[in-house]
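S.K.: Each residue of the sequence shown is one higher than the one before, counting from 1 in the numbering used here. Note that the Cβ used here is the ideal one computed from N, Cα and C, for glycine as well. Keep in mind the model is a prediction, meaning the values are calculated, not measured.
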Amino acid sequence: MTIDLLRLHRLNIPLVRPFRTSFGTEHVRDLVLVEAVSSDGIRGWGECVTMSWPGYSAEYTDGAIDVMQRHLVPTLRELPSGADPQAVREALEVVRGHPMAKNALSTALLDVWLRAREESLGSYLGATRERIDCGVSVGIPATESITALLEEVGSYVDAGYRRIKLKIEPGWDLEPVAAVRAAWPDIPLQVDANQAYTRSHADHLAQLDPFNLNLIEQPLHEEDWYGHVILSEACATPICLDESILSVDSADSALRFGATTIINIKPGRVGGYLTAREIHDLCLDRGVPVWCGGMLETGVGRAANLALAGLPGFTVIGDTSASSRYYAVDVTEPFVLDDGRLDVPTGPGIGVDPLPDVLADLTVWSAEVRLDEG
Ligand code: NPQ
Ligand code: MG
């Protein structure tokens with residue numbers, strides 16, 4: 001079996017509500033789905049989780065499309081036919097950075113490879129759980145109103161979510177956290193700053209300690225390793241890195257230096273599911289809890305993330321939310337919460353396919369690239 005063809009589908013999907021974080025407000029999800037087609041007609045899918053502009057990380061959708069077409073696809077053309085997932089991963093390593101673009105391509109190829117073997121991604125990765133407890137990430141309300149926040153959190157609690165994560169930034173932290181904690185004294189609660197603070201905020205962030213939070217996610221700039229050590233010493237609440245973790249080595253370093261005690265694993269941010277699994281394995285070995293982050297994935301990325309979240313080290317509830325958290329209409333059959341949980345897909349590969357009509361409706365651009373010729 002060879003993979004003959006890749007199709008890039010760029011989709012624009014309106015969000016059910018604007019998502020405001022410390023880096024900006026998103027109204028529309030602008031992403032790319034990669035479709036890989038094999039010589040025997042098997043089709044696999046990967047999702048590129050870039051945003052349209054480089055606000056969360058340096059990657060962005062136009063740049064990801066460019067690096068895929070100009071550099072990553074030519075690299076894949078050098079691979080022998082039927083190359084295994086590890087060979088694909090190594091081939092892509094000749095290009096520096098661009099983990100989200102690499103993840104999209106390598107997952108599409110992995111999906112074809114697994115479908116040809118009739119094995120599910122969950123089984124391949126070593127998932128030990130069939131159902132995943134789900135958390136939800138709550139943006140900063142446009143109105144900056146505590147009432148609006150409590151209303152939104154209340155709707156998620158009513159929907160069954162088992163953990164709440166609040167986005168915070170300077171000026172929107174102690175008060176909203178206190179209000180949510182007062183309204184739901186027992187719900188697992190955590191915060192995510194997306195790098196909005198500085199080292200000088202250490203004493204301020206320590207004032208979150210009384211609210212019994214699971215963790216404070218990425219308070220400082222992604223390269224401020226030592227700053228996160230300082231914060232870990234200043235705060236009783238565990239510090240958890242997201243944007244700073246880009247590889248197995250950065251995960252290992254951050255743990256050894258004491259910059260983090262919990263890790264948010266996002267396959268897009270680390271370049272694929274094989275690296276995500278390796279970071280999981282390293283953490284499991286050391287008794288470090290991990291959880292699966294989210295990038296407003298469609299059903300394609302969501303399905304694969306659920307498989308990953310089924311691994312034994314994912315002991316902290318993640319951001320694997322239902323489709324309806326972000327989208328009125330998902331690209332796949334919607335993932336619907338059942339008692340605050342989602343099922344790990346059991347079909348071959350990622351276990352889901354885009355619905356052709358929905359895909360066509362949401363597509364704003366597409367391109368075909370052949371893999372079997374230069
Ligand atoms: C995080 N995700 O953990 C990210 C950040 C994030 C679920 O909180 C468009 C595309 C908007 C990706 C907003 C969650 C986004 C995005 C925030 C990712 O840091
Ligand atoms: Mg985060």
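Can you find a heavy atom of ligand 1 that lies under 7 Å from the Cβ of N194?
M.R.: Locating residue 194 in the sequence shown gives position 194, counting from the first residue. Checking the Cβ of N194 against ligand 1 gives yes.
S.K.: Cβ of Y161 within 7 Å of any heavy atom in ligand 1?
M.R.: Stepping through the sequence shown from its first residue, residue 161 is reached at position 161. It does not: the Cβ of Y161 is nowhere closer than 7 Å to a heavy atom of ligand 1.
S.K.: How about E47: is its Cβ closer than 7 Å to a heavy atom in ligand 1?
M.R.: Here the question's residue 47 lines up with position 47 in the sequence shown. No; taking the cut-off as 7 Å, the Cβ of E47 has no heavy atom of ligand 1 nearer than that.
S.K.: Where does the unbroken beta strand (DSSP E) through T315 begin, and where does it stop?
M.R.: As a first step, residue 315 is located in the sequence shown; it is residue number 315 there, counting from the start. No beta strand (DSSP E) holds T315; DSSP gives it neither H nor E.
S.K.: Pop quiz: L246 and P99 are said to be a contact at Cβ under 8 Å. What is the actual Cβ separation, rounded to whole angstroms?
M.R.: One-based indexing of the sequence shown puts residue 246 at position 246. One-based indexing of the sequence shown puts residue 99 at position 99. With 8 Å as the limit, L246 and P99 qualify as a contact, their Cβ atoms being about 6 Å apart.
S.K.: Can you tell which of L355, L189, Y197 has the C-alpha that lies nearest to the C-alpha of V316?
M.R.: Walking along the sequence shown from the start, residue 316 turns up at place 316. Comparing Cα-Cα distances from V316 to each of L355, L189, Y197, the minimum goes to L189.
S.K.: Give a single yes or no on whether G24 has its beta carbon closer than 7 Å to a heavy atom of ligand 2.
M.R.: By one-based count along the sequence shown, residue 24 stands at place 24. No, the Cβ of G24 stays beyond 7 Å of every heavy atom of ligand 2.
S.K.: May I ask you to report which of helix, strand or coil DSSP gives K266?
M.R.: Along the sequence shown, read from residue 1 onward, the residue named residue 266 stands at position 266. Residue state for K266 is assigned as coil, using DSSP reduced to three classes.
S.K.: Classify E223 as helix, strand or coil using the three-state DSSP reduction.
M.R.: By 1-based counting over the sequence shown, the position of residue 223 is 223. Here E223 sits in coil by DSSP.
S.K.: In or out: N214 buried (at least 16 other Cβ within 10 Å) or exposed?
M.R.: By one-based count along the sequence shown, residue 214 stands at place 214. Counting C-beta atoms within 10 angstroms of its own C-beta, N214 has 16 or more neighbours from the protein chains shown and is therefore classed as buried.
S.K.: Quick one: what's W45 bridged to in DSSP?
M.R.: Taking the sequence shown and counting its residues from 1, the one referred to as residue 45 is at position 45. As DSSP reads the structure, W45 sits in a beta bridge with E35.
S.K.: Have a look at P14, L355, P74 and flag the residue whose alpha-carbon is nearest the alpha-carbon of L6.
M.R.: As a working note, residue 6 is residue 6 in the sequence shown. Here the closest residue by C-alpha is P74.
S.K.: Between E217 and ligand 3, is there a pair consisting of the residue's CB and a ligand heavy atom that are separated by less than 7 Å?
M.R.: You won't find ligand 3 in this model; what it holds is ligand 1 and ligand 2.
S.K.: For the candidate residues L121, V270, L284, D249, whose alpha-carbon lies nearest to that of A304?
M.R.: Here residue 304 refers to the residue found at position 304 of the sequence shown. Nearest of L121, V270, L284, D249 to A304, Cα basis: L121.
S.K.: Have a look at D30 and G301 and give me their C-alpha separation to the nearest angstrom.
M.R.: Indexing the sequence shown from 1 puts residue 30 at position 30. Indexing the sequence shown from 1 puts residue 301 at position 301. In a straight line, the C-alpha of D30 is about 14 Å away from that of G301.
S.K.: Alpha carbon to alpha carbon, how far is S106 from A251? Give it in angstroms, no decimals.
M.R.: Counting from one through the sequence shown, the residue named residue 251 turns up at place 251. Counting from one through the sequence shown, the residue named residue 106 turns up at place 106. Rounded to the nearest angstrom, the two C-alpha atoms are 21 Å apart.
S.K.: Pick from R70, R269, L92: whose alpha carbon is nearest that of L79?
M.R.: On the sequence shown, position 79 is the one that residue 79 refers to. The residue with the shortest Cα to Cα distance from L79 is L92.
S.K.: For the 8 Å Cβ check, are there 3 or more pairs between the segment 344–351 and the segment 285–298?
M.R.: They do not touch, by the three-pair rule.
S.K.: For D339, count neighbouring C-beta atoms within 10 Å of its own C-beta (all shown protein chains included) and say buried if the count is 16 or more, exposed if not.
M.R.: Position 339 of the sequence shown, counted from the first residue, corresponds to residue 339. Flag for D339 reads exposed.
S.K.: Could you tell me the boundaries of the beta strand (DSSP E) in which D330 lies?
M.R.: Taking the sequence shown and counting its residues from 1, one reaches residue 330 at position 330. Where D330 is concerned, there is no enclosing beta strand (DSSP E), given that its DSSP letter is neither H nor E.
S.K.: Is it true that the CB of D40 sits closer than 8 Å to the CB of L371?
M.R.: By one-based count along the sequence shown, residue 371 stands at place 371. By one-based count along the sequence shown, residue 40 stands at place 40. Taking 8 Å as the cut-off, the Cβ atoms of L371 and D40 do not count as close.
S.K.: Residues in its own chain within less than 7 Å of V157 by CB, not counting five upstream and five downstream?
M.R.: Numbered from 1 along the sequence shown, position 157 holds the residue referred to as residue 157. Closer than 7 Å at Cβ, skipping near neighbours: W184, I187.
S.K.: When DSSP labels each residue in this structure, what does Q86 get in the three-state scheme?
M.R.: Here residue 86 refers to the residue found at position 86 when the sequence shown is read from its first residue. It is helical.
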